[in-house]
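In the working numbering, the protein residues as written are 13 to 131.
To start, the structure under review is shown below, and the notes come after it.
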Amino acid sequence: MKVLVENWPECLPRGIKHHRFFLQFKDFESILKGAGNKLVVVDFTATWCGPCKQIGPQFQAENKEVVFLKVDVDEAEDVSSQCKISCMPTFHFYKNGEKVFEFSGANLATLKSKLEELR
């Protein structure tokens, strides 16, 4: 599964030095739990998804204290299936390893308000 981790490279599994890497679902769960009380935003995306390309990038620079994960659903069928992803973009918000919010669609207002509320 290809995942892009932004703003918190220390959460990568041992031996992985780069932000783009392949991992198993157990590693995905480990990253979520390892973030502790930091907000983790998982962006389920696809290379062919136009709205996905428009919504994600602008918030990473403004929210340095938030861990952003991008999961390519075509390469991560196991994770997207476990997380019940049916459309893109879908955003899952986690704190302390637990999902606290989710929404689907390229809704900038929802993304911005939830980032402000949950971080």
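We treat Cβ as the ideally placed atom computed from N, Cα and C, and that holds for glycine.
Can the beta-carbon of residue i be found closer than 8 Å to that of residue j?
i: V78; j: L127; result: yes
i: F103; j: D55; result: yes
i: L130; j: F71; result: no
i: K38; j: G109; result: no
i: K96; j: F105; result: no
Classify residue i: buried if its beta carbon has 16 or more other beta carbons within 10 angstroms, exposed otherwise.
i: T57; result: buried
i: D84; result: buried
i: K76; result: exposed
i: C99; result: exposed
List the endpoints of the continuous alpha helix (DSSP H) containing residue i.
i: T122; result: 120-130
i: K76; result: K76 -> no alpha helix (DSSP H), and no H or E assigned at all.
i: S42; result: 37-46
i: D90; result: 89-94
Is residue i near the ligand GTP, judged by its Cβ being under 7 Å from some heavy atom?
i: W60; result: What this structure holds is no ligand at all, so the ligand GTP is not there to describe.
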